[in-house]
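The structure under discussion appears below in the form of structure tokens.
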Amino acid sequence: MSRTVLYDYWRSSASYRLRIALNLAEIGYTTVPVDLVKGESKSPDHLARNPQGFVPVLEIDGLRLTQSLAILDYLDETRALGLLPQDTGQRALARALAHSVAVDVHPVCNLQVAKHATALSGGAPDMPKAWMQHFIRPGLQAFEVLLGGFEQAPFCTGDTPGLADICLMPQLYNARRWEAEFSDLPRICAVEAACTEHPAFAAAHPDQAA
Numbered sequence: 228m229s230r231t232v233l234y235d236y237w238r239s240s241a242s243y244r245l246r247i248a249l250n251l252a253e254i255g256y257t258t259v260p261v262d263l264v265k266g267e268s269k270s271p272d273h274l275a276r277n278p279q280g281f282v283p284v285l286e287i288d289g290l291r292l293t294q295s296l297a298i299l300d301y302l303d304e305t306r307a308l309g310l311l312p313q314d315t316g317q318r319a320l321a322r323a324l325a326h327s328v329a330v331d332v333h334p335v336c337n338l339q340v341a342k343h344a345t346a347l348s349g350g351a352p353d354m355p356k357a358w359m360q361h362f363i364r365p366g367l368q369a370f371e372v373l374l375g376g377f378e379q380a381p382f383c384t385g386d387t388p389g390l391a392d393i394c395l396m397p398q399l400y401n402a403r404r405w406e407a408e409f410s411d412l413p414r415i416c417a418v419e420a421a422c423t424e425h426p427a428f429a430a431a432h433p434d435q436a437a
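For the sequence shown, the numbering used here gives the first residue as 228, with consecutive numbering after it.
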């Protein structure tokens with residue numbers, strides 16, 4: 228069987244998601260760092276792996292996969308991770324919960340966008356923190372409300388980690404980094420506590436990957 232390789236940047240939210248999922252699946256992998264700050268994601272070698280110039284890229288099962296949400300679906304389907312509820316309606320709600328962060332908040336808060344916004348602002352002294360806080364805090368407030376569609380449990384949608392938890396934890400890392408307040412959101416804080424204690428999440432934390 229071919230080895231599994233993750234092209235990764237330690238602070239990338241999308242890469243963080245995959246580290247969690249690979250740990251949950253107990254898949255051993257080799258990490259190849261791609262330094263976003265140094266622009267390595269736009270190098271010819273990396274563009275040959277992913278024409279979008281993004282991380283992560285995962286080589287697994289003889290495939291080269293991009294886009295973290297698509298890769299999470301692949302891992303869930305091939306490794307039976309149970310990242311989504313069995314009920315069709317609950318699955319749709321769980322995907323919406325995860326996507327509220329991964330599709331709506333994360334893209335406008337990634338490094339490339341924040342750097343461009345800072346440049347357009349003329350290098351305003353409160354950038355990019357003000358930019359990040361403007362999007363992260365409302366996104367987490369909405370996530371807290373959406374959690375009300377599920378019974379209180381250790382994790383977002385049940386007793387085991389799911390897609391929403393995998394998407395939430397990297398965003399909470401960013402919230403702390405940019406001082407976006409969420410301590411008044413009790414469901415999110417409870418989920419964070421449960422995930423922090425889980426070995427798959429702990430091993431995937433950027434402090435471990437740096």
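For glycine and all other residues, C-beta sits at the position ideal for the given N, C-alpha and C. Every value quoted in this text rests on a predicted model; they were computed, and no experiment measured them.
Does the pairing of the segment 381–392 with the segment 323–342 give three or more beta-carbon distances under 8 Å? yes
Reducing DSSP to helix, strand and coil, say where Thr423 ends up. helix
At the level of alpha carbons, what is the spacing between Phe428 and Ala417? 15 Å
According to DSSP, simplified to helix, strand and coil, what is Leu290? strand
Nonlocal neighbours in the same chain, by C-beta distance under 6 Å from Trp358, ignoring five residues either side: Ala341 and Ala344
Check for me: the alpha helix (DSSP H) holding Thr305 runs from which residue to which? Ser295 to Arg306
Since Leu373 sits in a beta bridge, which residues does DSSP pair it with? Looking at the DSSP assignment, Leu373 forms no beta bridge with any residue, so it has no partner.
Starting from Leu285, follow its DSSP beta bridges and name the residues at the other end. Leu233 and Leu292
Taking contact to mean at least 3 C-beta pairs separated by less than 8 Å, is the segment 261–269 in contact with the segment 317–324? no
Should the segment 299–306 be regarded as contacting the segment 244–251, the criterion being three or more beta carbon pairs within less than 8 Å? yes
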